[in-house]
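Participant: Numbering of the sequence shown is given in my numbering, commencing with residue 4 and proceeding in unit increments.
Quick one: the structure is below, questions incoming.
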Amino acid sequence: MTSDKKNISLLADIFVNSGLTDIVISPGSRNAPIILSFANRSEINAFSIVDERSAAFFALGLALNSKKTVAIACTSGSAVLNYASAISEAYYQKIPLLIITADRPPNMIDIGDGQTIRQKNVFNNYVKKSYQLPLTIDTKEELEDAEKLINEALNQCVFPQAGPVHMNIPFDDPLYNSTEEVTTGKSIEFENKIAIPDISKIQEIETSWNNSSKVMLIAGQASPAPELNKILQKISENQNTVLLSETTSNLFCNNFIDTIDNLTSTINNSETNLFKPEILITFGGQVVSKMIKKFLRKNKPLIHWHISPSGEKMDTYFALTEAINSDELDFFSQIEQHLETVNSNYSSLWHERKSKVDKKKTEYLKKTKYSDFKVFEAIVKHLPEGANLHLGNSTPVRYSQLFGSREGINYYSNRGVSGIDGQVSTAAGYACNSSNLNVLITGDLGFLYDSNGLMNKYLTPNLKIIVINNSGGGIFKFIGGPDTTPNLEEFFVTKHQWSAEYICKAFGVDYLKAENDNELSSILPKLLSNNPGPTLLEIFTPCEINGLVLREYFKFIKN
Ligand SMILES: Cc1ncc(C[n+]2csc(CCOP(=O)(O)OP(=O)(O)O)c2C)c(N)n1
Ligand SMILES: [Mg+2]
């Protein structure tokens with residue numbers, strides 16, 4: 004069964020023929036043709052989630068996991084706008100989403116009809132492209148045009164880099180008519196070839212690399228990529244080369260510097276020239292570390308190349324020489340073969356600093372009181388191999404960088420735009436199609452903000468949510484600035500005494516809590532191994548000392 008509206012029946016058919024399966028639908032009437040066309044096809048997994056903001060983040064989690072385009076669909080009006088935050092995250096994190104919004108026919112906009120806003124191109128700034136299907140498809144030519152448009156839109160979702168694409172569809176009354184006759188359309192295969200840098204460019208890069216004693220690679224956010232990992236491992240064995248990664252880069256090798264803040268914070272003015280690179284090569288998505296951004300913006304490399312499949316000019320360090328349009332694996336595989344042994348102490352300089360700081364960190368943690376930092380140490384220690392760790396924005400994703408990458412753990416975080424608004428939903432979406440344990444570590448405000456992430460029937464037992472409840476936005480007690488104002492507690496930290504307990508009760512999620520070291524160490528194994536249902540562990544920490552403990556830490560490792 005499908006809607007009798009050919010535009011949406013065709014879209015659903017091409018979606019299926021392209022091998023896509025997942026759609027998250029929110030309820031409404033204008034989108035009845037979408038529901039009829041997608042929810043009644045056996046090839047499609049249709050999820051039903053009420054809150055559009057949460058639905059879109061849930062879809063983002065599904066797409067992160069499957070690496071395939073996931074559709075979201077909603078009714079007209081403000082429902083559409085609730086998709087905005089997840090769309091911006093998908094855009095900047097490069098996650099493929101097809102946003103299908105039901106609209107009124109063009110002549111019904113701005114004439115006083117209900118639940119109607121200007122939807123065409125509404126997300127233009129945050130999607131790769133916006134499309135609108137015609138209201139009716141009557142002729143063969145119209146059908147072919149629509150088929151082409153839909154295929155182009157689906158290809159846009161994934162090539163050359165993934166991202167969100169908007170498909171606005173006008174529907175006229177009656178909305179609920181169905182038919183058994185699907186409007187069929189074929190899936191077009193595109194010749195998607197990523198540009199290859201020409202050989203002279205590669206040679207130029209190799210020559211510069213072999214003539215430099217200080218080459219720094221920085222890996223931004225990315226999904227696990229074992230082949231690339233292997234090549235980078237080989238490259239990082241060169242004495243003139245150091246590779247800086249973050250947990251969210253999902254790269255694992257003892258030779259990578261995976262605790263950037265720990266080290267960068269210890270570089271004093273007299274050492275700047277030793278640590279600063281001559282050549283900087285970056286790849287991947289967002290970098291969490293503010294310290295490395297600050298360091299490199301102040302101490303600019305002579306050359307900065309950014310490698311990406313779309314050739315984007317990502318000038319994070321205000322020093323970009325050239326954007327290299329290439330797949331990262333292709334690029335580094337080619338270069339690796341021609342790197343020569345260069346006499347340099349650049350790599351050992353970073354590694355010696357790392358050993359020194361690692362020792363200091365251990366020493367500090369031993370003597371540190373129960374606090375967010377200690378709690379994070381305990382969680383990292385207890386995480387079982389194979390877990391997917393979803394890191395909430397604010398301090399969780401930052402604490403995670405202080406402990407480095409553990410092989411066997413995959414790290415995820417909404418770092419595209421670093422919002423605190425969809426973390427529960429994203430983790431729930433990822434977990435629901437995952438056979439592994441999925442652990443979300445979030446702050447209290449982040450959790451409360453997206454508590455609607457629990458308002459769906461797809462929460463799976465492999466989802467474990469850890470809320471570090473420090474009574475507000477703890478980050479604002481650590482970063483300099485808010486504490487110099489009279490508004491710290493009320494307007495920055497937004498101090499509160501709320502708890503997640505009754506929210507868990509409302510949505511049937513098991514609830515555990517811990518308030519000190521002992522409770523935490525006995526409850527973490529229970530949460531991470533035995534607990535049979537979706538479970539939330541709320542860990543209460545002392546808001547008066549968390550920021551202080553972290554500030555003291557950076558002072559301690561510096562001396
Ligand atoms: C949607 C959105 N609104 C506001 C912010 C700004 N912001 C960043 S961190 C933060 C506080 C988060 O508090 P919590 O989740 O408790 O984490 P903690 O700082 O305590 O680790 C806020 C409001 C944001 N990142 N995203
Ligand atoms: Mg907090």
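Backbone N, C-alpha and C define an ideal beta-carbon position, used for all residues, glycine too.
Could you tell me the boundaries of the beta strand (DSSP E) in which K467 lies?
Facilitator: Taking the first residue of the sequence shown as position 1, residue 467 is located at position 464. Here the beta strand (DSSP E) through K467 covers L466 to N472.
Participant: Going along the chain, which residues of its own chain have a beta-carbon closer than 6 Å to the beta-carbon of W353, five neighbours each way excluded?
Facilitator: Counted from its first residue, the sequence shown places residue 353 at position 350. So the qualifying residues of the chain are V245 and I260.
Participant: For N127, collect the residues of the same chain with a Cβ closer than 7 Å to its Cβ; drop the 5 residues on either side in sequence, then sort them by chain order.
Facilitator: To locate residue 127, count along the sequence shown from 1; it is residue 124. Closer than 7 Å at the Cβ level, and outside the excluded window around N127, lie S133.
Participant: May I have all residues whose beta carbon comes closer than 5 Å to any heavy atom of ligand 2, sorted in chain order?
Facilitator: For ligand 2, the selected residues are G446, D447, N473 and G477.
Participant: How about the segment 484–494 and the segment 447–462: do they share at least three Cβ pairs that are nearer than 8 Å?
Facilitator: They do not touch, by the three-pair rule.
Participant: Nearest to G536 by CA position, among Y514, T275 and K480, is which residue?
Facilitator: Working through the sequence shown from its first residue, we reach residue 536 at position 533. With distances taken between Cα atoms, G536 lies closest to Y514.
Participant: With DSSP as the reference, label T5 as helix, strand or coil.
Facilitator: Position 2 of the sequence shown, counting from 1, holds the residue named residue 5. In the structure shown, T5 sits in a strand (DSSP, three-state: E or B).
Participant: Using 8 Å as the cut-off, classify the Cβ of G566 as near or not near the heavy atoms of ligand 1, replying yes or no.
Facilitator: The requested residue 566 is not part of the displayed model; the chain covers only 4 to 562.
Participant: CA-CA distance, N253 and T186?
Facilitator: Within the sequence shown, numbered from 1, the residue matching residue 253 stands at position 250. Within the sequence shown, numbered from 1, the residue matching residue 186 stands at position 183. One C-alpha to the other measures close to 43 Å.
Participant: Are I548 and S374 closer than 9 Å when you measure CB to CB?
Facilitator: Mapped onto the sequence shown, residue 548 falls at position 545. Mapped onto the sequence shown, residue 374 falls at position 371. Yes, these two residues count as a Cβ contact at 9 Å.
Participant: Report all residues from its chain with a CB closer than 6 Å to the CB of A564; omit the five preceding and five following residues, and keep chain order.
Facilitator: This structure cannot settle anything about residue 564, because the visible part of the chain is limited to 4 through 562.
Participant: Give the DSSP-derived three-state secondary structure of S181 in the structure shown.
Facilitator: Within the sequence shown, the letter at position 178 stands for residue 181. S181 falls in the strand class under three-state DSSP.
Participant: To which residues of the same chain is A42 closer than 6 Å at the C-beta, ignoring the five residues directly before and after it?
Facilitator: Here the question's residue 42 lines up with position 39 in the sequence shown. Only A49 meet the Cβ criterion.
Participant: Got a sec: does ligand 1 put a non-hydrogen atom nearer than 8 Å to the Cβ of G395?
Facilitator: Reading the sequence shown from its first residue, position 392 is the one you call residue 395. Yes, the beta carbon of G395 sits closer than 8 Å to at least one heavy atom of ligand 1.
Participant: In angstroms with no decimal places, state the Cα-to-Cα distance between D264 and I560.
Facilitator: Numbered from its first residue, the sequence shown carries residue 264 at position 261. Numbered from its first residue, the sequence shown carries residue 560 at position 557. Near 11 Å, if we compare the C-alpha coordinates of I560 and D264.
Participant: Skipping 5 residues on each side, what residues in its chain have a beta carbon closer than 6 Å to that of Q236?
Facilitator: Here the question's residue 236 lines up with position 233 in the sequence shown. These residues qualify, in order along the chain: C256.
Participant: In whole angstroms, what is the alpha-carbon distance linking F379 and P399?
Facilitator: One-based indexing of the sequence shown puts residue 379 at position 376. One-based indexing of the sequence shown puts residue 399 at position 396. Each residue's alpha carbon lies about 8 Å from the other.
Participant: If you scan the segment 97–163 from start to end, which runs of the beta strand (DSSP E) of 3 or more residues do you find wholly inside it?
Facilitator: Complete beta strand (DSSP E) runs here, min 3: 100–106 and 132–135.
Participant: How many Å lie between P36 and F174 at the Cα?
Facilitator: Mapped onto the sequence shown, residue 36 falls at position 33. Mapped onto the sequence shown, residue 174 falls at position 171. Distance between the alpha carbons of P36 and F174 is about 8 Å.
Participant: Grab me the residues of I338's own chain with a C-beta within less than 8 Å of its C-beta, minus the 5 sequence neighbours each way, in chain order.
Facilitator: Looking up residue 338 in the sequence shown gives position 335. Closer than 8 Å at the Cβ level, and outside the excluded window around I338, lie I205, I208, E209, W212 and I238.
Participant: Would you list, in sequence order, the uninterrupted beta strand (DSSP E) runs of no fewer than 3 residues that lie entirely inside the segment 9–37?
Facilitator: If we require 3 residues or more, the beta strand (DSSP E) runs fully inside the segment 9–37 come out as 25–28.
Participant: Pair every Cβ in the segment 470–479 with every Cβ in the segment 490–503, then say whether three or more of these pairs are closer than 8 Å.
Facilitator: Verdict: yes, contact present.
Participant: In chain order, what are the residue ranges of uninterrupted beta strand (DSSP E) at least 3 long that sit wholly in the segment 324–359?
Facilitator: List check, beta strand (DSSP E) in window: 325–328.
Participant: Suppose the cutoff is 8 Å on Cβ atoms and the five residues either side in sequence are ignored; what does the same chain contact list for I17 look like?
Facilitator: Counting from one through the sequence shown, the residue named residue 17 turns up at place 14. Closer than 8 Å at the Cβ level, and outside the excluded window around I17, lie E150, I153, N154, L157, G188, K189 and S190.
Participant: Which one of E522, I270 and T250 has the shortest CA to CA distance from V290?
Facilitator: Your numbering for residue 290 matches position 287 in the sequence shown. Nearest C-alpha to V290: T250.
Participant: Just to confirm, are I38 and A76 a CB contact at a threshold of 9 Å?
Facilitator: Within the sequence shown, the letter at position 35 stands for residue 38. Within the sequence shown, the letter at position 73 stands for residue 76. Contact: yes.
Participant: With respect to 8 Å, is the separation between the Cβ of P485 and the closest non-hydrogen atom of ligand 1 below this value?
Facilitator: Position 482 of the sequence shown, counted from the first residue, corresponds to residue 485. No, the Cβ of P485 stays beyond 8 Å of every heavy atom of ligand 1.
Participant: Could you check if G389 belongs to the surroundings of ligand 1, using beta carbon to heavy atom distance under 8 Å?
Facilitator: Position 386 of the sequence shown, counting from 1, holds the residue named residue 389. Because no heavy atom of ligand 1 lies under 8 Å away, the Cβ of G389 does not count as near it: no.
Participant: Report the three-state DSSP secondary structure of E46 (helix, strand or coil).
Facilitator: As a position in the sequence shown, residue 46 is number 43, starting the count at 1. Coil at E46, not helix or strand.
Participant: For G456, is the beta carbon positioned less than 8 Å from some heavy atom of ligand 1?
Facilitator: By one-based count along the sequence shown, residue 456 stands at place 453. No, ligand 1 has no heavy atom inside 8 Å of this Cβ.
Participant: Comparing the CB of N423 with every heavy atom of ligand 1, is any distance shorter than 8 Å?
Facilitator: Within the sequence shown, the letter at position 420 stands for residue 423. Per the sequence presented here, residue 423 reads as Ile, with Asn not at that position. The answer is yes for I423.
Participant: With contact counted as at least three CB pairs below 8 Å, one residue from each stretch, are the segment 509–526 and the segment 437–452 in contact?
Facilitator: Counting Cβ pairs under 8 Å, fewer than three are found: no touch.
Participant: Here's the rule I'm using: 16 or more other beta-carbon atoms within 10 Å means buried, otherwise exposed. How should P200 be labelled?
Facilitator: By one-based count along the sequence shown, residue 200 stands at place 197. With 16 or more other Cβ atoms within 10 Å, it is buried.
Participant: I'd like to check one pair, N441 with Y452: are the Cβ atoms closer than 9 Å?
Facilitator: Taking the first residue of the sequence shown as position 1, residue 452 is located at position 449. Taking the first residue of the sequence shown as position 1, residue 441 is located at position 438. Not in contact: Y452 and N441 (Cβ atoms no closer than 9 Å).
Participant: Can you tell me whether DSSP reads W501 as helix, strand or coil?
Facilitator: Counting from one through the sequence shown, the residue named residue 501 turns up at place 498. Coil.
Participant: Count the other C-beta atoms from every protein chain shown that fall within 10 angstroms of the C-beta of I98, then say buried if there are 16 or more, exposed otherwise.
Facilitator: Here the question's residue 98 lines up with position 95 in the sequence shown. Result: buried.
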